[in-house]
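In the UniProt record's numbering, the protein residues as written are 1 to 160. Yeah, the Cβ is synthetic: ideal placement off N, Cα and C, and Gly gets one too. Working notes, structure below.
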């Protein structure tokens, strides 16, 4: 019997991803994105000109960690046989950066399923990123869309 992946998504489920932000993470992210702002790559500038006193990680890097935990949240579902749909990120709503993330911080992102809209095929999760001191760094909502798979007939035509 074919099922939706949403049948396996449960309100209240919590998933986590943790990572210590290192020099390499920030440098490679700057290279990948082209964001070479002094706030991220120039320690002297931040020591002399910023009240923070040191470099900070890119906010978009923290959103990347949010993306990672969204992937963790579906890993136990996506390879189940007979699913009629598959998950794709539909976006991140109301992302807010509340505190800077410093190099050396260990960021833990919590992803909690808050609601499911079966009619439109979406699940919604609250995300929170905290550091090792328990300080809230960033928040947001993730929207996961469960897209319909191609029919078996369409799949066999594509293969030929």
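Per DSSP, cross-strand counterpart(s) of residue 145
Residue numbering aside, residue 145 sits at position 145 when the chain shown is read from its first letter. According to DSSP, residue 145 bridges with 88, 122.
Helix, strand or coil: how does DSSP classify residue 153 here?
The sequence position of residue 153 within the chain shown is 153, counting from 1. Low local confidence applies: a pLDDT of 40 at residue 153 is under 50, so the model's placement there is unreliable, with the coordinate-based value given in what follows. Here residue 153 sits in helix by DSSP.
Considering only DSSP beta bridges, list what residue 45 is partnered with.
Counting from 1 along the chain shown, the entry for residue 45 is found at position 45. Residue 45 is not bridged to any residue.
Are the beta-carbon atoms of residue 4 and residue 84 separated by less than 7 Å?
What you label residue 4 is simply residue 4 of the chain shown in a count that begins at 1. What you label residue 84 is simply residue 84 of the chain shown in a count that begins at 1. Contact: yes.
Quick check on residue 57: buried or exposed, where buried means 16 or more other Cβ atoms within 10 Å of its Cβ?
For this step, residue 57 is matched to residue 57 along the chain shown. Label assigned to residue 57: buried.
According to the Cβ coordinates, are residue 17 and residue 69 closer than 7 Å?
As a working mapping, residue 17 is identified with position 17 in the chain shown. As a working mapping, residue 69 is identified with position 69 in the chain shown. Yes, Cβ-Cβ distance for residue 17 and residue 69 is below 7 Å.
Are the region 136-143 and the region 95-106 in contact at 8 Å, needing three or more beta carbon pairs?
yes
Once the 5 residues before and after residue 10 are set aside, which same chain residues still bring their CB inside 8 Å of it?
Numbered from its first residue, the chain shown carries residue 10 at position 10. The answer, listed in chain order, is 113.
Reference residue 54, options 67, 40, 60, closest by Cα
By 1-based counting over the chain shown, the position of residue 54 is 54. Looking at 67, 40, 60, the one whose alpha-carbon comes closest to that of residue 54 is 40.
Helix, strand or coil at residue 51 [DSSP, three-state]:
By 1-based counting over the chain shown, the position of residue 51 is 51. Residue state, collapsed to three classes: coil.
Please name the residue in 59, 128, 89 whose C-alpha comes closest to that of residue 147.
To locate residue 147, count along the chain shown from 1; it is residue 147. Checking every option, the nearest Cα to that of residue 147 belongs to 89.
CB contact flag (residue 26, residue 65, <7 Å):
As a position in the chain shown, residue 26 is number 26, starting the count at 1. As a position in the chain shown, residue 65 is number 65, starting the count at 1. Contact: no.
Three-state secondary structure (DSSP) at residue 67?
As a working note, residue 67 is residue 67 in the chain shown. DSSP places residue 67 in helix when its eight states are reduced to three.
Taking the alpha-carbon positions, what's the residue 13 to residue 78 distance?
Counted from its first residue, the chain shown places residue 13 at position 13. Counted from its first residue, the chain shown places residue 78 at position 78. Rounded to whole angstroms, residue 13 to residue 78 spans 16 Å at the Cα level.
How is residue 9 classed by DSSP in three states: helix, strand or coil?
Residue 9 sits at position 9 when you count from the first residue of the chain shown. The answer is coil: DSSP assigns residue 9 none of H, G, I, E or B.
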